[in-house]
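To start, the structure under review is shown below, and the notes come after it.
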Amino acid sequence: MLQIKIPLVLAKTDSIGCRFEKFARWGEPGGGAGFSNYHVQAYDQQAPWFQYAAKLTPHSHATIRSWFVRPEYWGQRDLYFAPRHKSEPRVLVPGAVIEAGPFLTFAKTYINVYCELRQLRSPPKPSVTALCILEKMLRDLNEGDANPALLTHLTFVRAGQFLLRSSMDASSKFDVGKALEHISKLIQSGGRFKGDKSHGVFPGFRLIAGSFSFESPVPAPKRFGKAEKKASVQKDGPKGSLTGEEVAAVGLAYRRTVDQMGKENTSTFMSALIGLTLSTTSMRASDLQSLRRDALFEDPDQPGRLRLRVSRPKLDVDQILPVPKKLNEIAQEQFDIVKNFSEEAREAFAFYTHQSPKSPAGISELFVPQRFRELLANEHLNARQVGKLMGLTSPDQRFGQRFVELKKKCFVDLPGDIFDCASQWSKAVVPIREVEAIYKRHGVTLAIPPSAERAQLVHRVIVRKWGPKKPSLELVADLDALFESGLARQPEEFVATNELKDWLLRQFKYQQKFPHWPYATKDRKVRLDEALAVYYAAGRDSNVMAGDQVASWWLPMLVPITILNRWISGTSRYPPLLFMKTNVRLENGKYPSISVHQTRKFFHTEALLAGASRPLVDELAGRKTGWQGAHYDYRTPQQILRQSVETFDPESDFEVVGPVEEQAPPRARIVERRTFLLESAAPKHATEIGGCRTDWSMNPCPQFGDCMRCDAHVWRKGDARRLPVIRDLKAESLRSIEIGKKKLLASPQARSIEKQVRQLDETVKRCDEILALEADDRITAGTLVTFDAAPTALSDAARLSLLRADLT
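Residue numbers for the sequence shown follow the numbering used here, so the first one is 165 and each next one is one higher.
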């Protein structure tokens with residue numbers, strides 16, 4: 165904070181007007197505080213401008229002033245004459261500027277003090293504008309009196325409302341609003357300015373009697389100057405979780421692409437790729453890119469149950485997550501479509517990474533798919549063959565502008581079979597011996613160059629150069645018949661196959677970007693030749709609609725998120741390609757617009773609605789901290805309330821069994837017993853394995869999400885929705901125990917593995933207790949069941965020790 169050498173001294177008995185006068189004598193240029201670094205030496209208290217010193221004057225200006233113009237005249241010109249040189253400025257419309265008086269003195273003093281406090285390096289234009297607005301509000305509220313001693317909370321509120329209605333741009337409004345906040349703080353007891361971390365708390369001067377808190381009503385403008393585009397064809401989709409209608413739209417688009425376009429189509433590939441994010445598990449866009457070609461597999465311990473291996477870079481682990489049983493078939497179908505479509509691209513990457521494991525620049529040979537190897541076995545290719553090779557919809561007889569880098573050759577069967585093919589290559593050619601025979605028959609000598617061979621072909625233009633300048637009509641007629649006969653041949657342009665392959669290879673090496681070669685993503689765990697989401701880039705063809713281009717087989721690439729968004733999210737000008745090509749629309753007639761990020765929110769919300777605990781949902785989504793998951797909860801208040809009522813209704817009669825029931829008061833004291841059970845045994849939260857009687861809003865989870873070994877775990881008999889989870893949890897724990905015991909045999913000293921096996925045993929016992937309770941007919945449905953803590957569960961001392969270690 166700036167230390168003021170000569171502070172402002174005000175007496176408690178001073179009136180408000182006296183305080184403003186003392187503030188002006190203390191803080192104006194040349195005043196008692198000594199703040200004279202931001203105004204020129206010649207200071208005129210009556211002038212309606214503040215002329216800044218040289219330290220605030222830009223290099224291109226001789227002088228710079230802030231004029232205190234009343235807001236009523238902001239849109240007018242020629243209000244004053246401000247010369248660029250050192251001559252005196254003149255006011256042309258006297259009523260347009262703030263007249264000399266208490267407010268003008270206060271405004272100029274405030275600007276001088278404000279520049280000193282904040283150590284500004286440019287004129288505070290927003291503060292000048294804010295002071296002009298305050299002067300108008302004072303006049304409107306006090307019948308034309310603009311004395312600053314009349315400043316109140318209402319004055320600043322009216323100034324904020326005036327600012328909102330003004331025609332200034334959003335950024336200027338925001339700056340002026342913050343300037344109003346600064347003024348309100350400095351005339352009171354001071355405070356901290358938001359966004360100014362270098363100066364700390366600014367002092368206040370206590371110029372007014374009352375105290376109030378003012379906050380600018382102007383919202384912050386969009387960052388980085390991103391403005392909304394008007395008249396866009398497709399508006400941005402919802403920013404929250406996906407709706408059921410949008411999820412159904414993805415499924416419908418997938419089915420239409422499979423039925424109408426087949427499985428070997430780019431549209432089907434894209435629809436299956438986005439479908440995987442909804443039919444398997446929650447994935448980030450980077451997780452989708454790092455899926456392996458063998459990521460989906462059948463659980464060997466549970467036949468018919470599919471699992472997906474997902475790389476989680478933020479957790480630095482590979483999670484193996486179960487695929488919902490109802491979606492096993494569709495997930496397998498979508499995975500096979502993506503895998504088969506991208507198989508050839510993976511072959512290309514395997515070919516390239518084997519040549520150069522460190523950088524694409526070291527690749528020396530082009531990968532050629534099997535279907536083009538016979539064609540590329542030829543030494544030369546004509547324009548039609550190259551067009552077919554590159555997937556052009558209308559291949560021409562000549563090479564277009566995109567092939568300008570390639571050297572062309574003109575011939576019929578073999579290079580050099582045409583004499584002088586530098587010009588007129590598209591004309592018909594005939595053998596030289598036939599031309600020579602016609603000229604001999606007419607008794608005319610033909611000047612054939614010695615370098616020309618009689619078996620070569622020649623153009624009519626070259627023949628005219630060899631013969632007489634004025635041939636007879638009979639000779640011309642015979643030549644015309646020769647060039648129109650069956651002996652005439654049509655030459656074509658060719659390119660060398662090796663040069664074409666080198667040209668295509670250069671496009672792959674230098675046009676495609678592989679910053680993590682030979683890996684797919686920056687976590688460097690999945691190689692490009694093992695990644696699932698790879699394909700050939702779309703070809704460039706202006707005659708084909710976007711999304712229908714033939715794949716460029718020489719440009720294999722990892723599917724960029726921008727391309728995937730173009731298919732499912734669209735742009736400001738074009739709707740999503742997938743939904744546009746399949747004509748899938750929402751009920752309101754618009755195309756859906758979704759993103760991979762929204763599928764994560766959809767999974768998170770659905771998991772919470774199903775009763776899963778937040779720690780488990782965050783872990784399954786690949787998060788380290790749970791606070792990120794709070795932004796993915798799109799449950800409505802009605803859904804949250806309905807979920808709690810389905811789990812436990814406190815208004816109904818309920819029974820309790822377990823340790824908590826034994827601690828309750830005897831049955832003779834009905835009221836106290838019910839109150840105790842309601843507070844101690846009733847679940848405060850629903851989890852995927854029952855409920856928890858600990859209120860997490862008051863205290864954090866004492867077992868860090870380990871519900872199956874905690875004494876706060878609550879089970880409600882007859883919970884058919886969560887009972888399959890208990891069975892799956894038991895099977896998973898047993899499978900992990902077997903793996904752990906095998907590791908213990910190999911490493912008997914591994915205490916951590918031994919501890920995990922012991923904890924899993926306790927989880928299995930808890931599952932057996934729940935299954936036994938469900939099978940016990942003596943316990944009525946709806947009974948709340950509580951449990952004892954597991955033997956190895958954390959004690960209070962151990963928990964404190966763990967927390968202390970985490971904090972240090």
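C-beta: ideal position from N, C-alpha, C; glycine also.
A buried status is given to S380, since no fewer than 16 other beta-carbon atoms sit within 10 Å of its beta-carbon. Looking from the CA of S759, the closest CA among I727, Y207, R618, L773 belongs to I727. For F187, the uninterrupted alpha helix (DSSP H) run begins and ends at 180-191, by DSSP.
Under the three-state reduction of DSSP output, H203 falls in the strand class. The criterion of a C-beta distance shorter than 9 Å is satisfied by F461 and R473. In this structure, the beta-carbon distance from L452 to L470 does not fall below 9 Å. T430 sits buried, since 16 or more C-beta atoms from the chains shown fall within 10 Å of its C-beta. E657 is bridged by DSSP to C574. Boundaries of the alpha helix (DSSP H) around M301: 289-305. The shortest CA-to-CA distance from V550 to any of I501, K604, K665 is the one to K665. Counting only residues of its own chain and dropping the five nearest sequence neighbours on each side, Y418 has a CB closer than 6 Å to the CB of S435, G439. Put simply, of L172, D797, D480, Q671 the residue whose alpha carbon is nearest the alpha carbon of E529 is Q671. Straight across, the Cα-Cα distance linking F505 with N542 is about 28 Å. DSSP, read as helix, strand or coil, puts W681 in coil. Counting of Cβ neighbours within 10 angstroms places V365 among the exposed residues, the total staying below 16. Shown here, M721 sits in a strand according to DSSP, grouped into three states. If you ignore the 5 residues before and after E663, its C-beta comes within less than 8 Å of the C-beta of L570, K571, all in its own chain and listed in chain order. Relative to A218, the option among T609, P367, S200 whose CA is nearest is S200. Apart from sequence neighbours up to five positions away, the residues of its chain that approach S520 with a beta-carbon distance below 7 Å are G526, I527, ordered along the chain. In the pairwise beta carbon analysis, the region 252-268 is classified as not touching the region 324-341: fewer than three pairs are separated by under 8 Å. Of P533, L893, V233, the smallest CA-CA separation from A715 is found for P533. The alpha-carbon of L741 is positioned some 20 Å away from that of M721. Under DSSP, N546 shares a beta bridge with F658.
For the region 908-961, the full-length beta strand (DSSP E) segments reaching 3 residues or more read 948-950 along the chain. Per the DSSP secondary-structure output, H849 pairs in a beta bridge with C856. When the alpha-carbon of L315 is set against those of Y244, R370, R930, P290, the nearest one is in R370.
With at least 16 other beta carbons inside 10 angstroms of its own, P212 counts as buried. A distance of 9 Å or more separates the beta carbons of P287 and Y207. With 16 or more other CB atoms across the displayed protein chains lying within 10 angstroms of its CB, G904 is buried. Where F461 is concerned, the enclosing beta strand (DSSP E) starts and stops at 460-462. In this structure A260 is not in contact with L295, their Cβ atoms being roughly 15 Å apart against a cut-off of 8 Å.
Annotation for Y699: the continuous beta strand (DSSP E) segment containing it runs 698-702. Cβ contact annotation for A957 (same chain, cutoff 6 Å, sequence separation greater than five): R873, in chain order. One Cα belongs to L639, the other to P613, and the distance between them is close to 21 Å. Ranking R885, C931, V921, A884 by CA distance to the CA of H877 puts C931 first. Residue pairing for Q483: DSSP places it in a beta bridge opposite V474.
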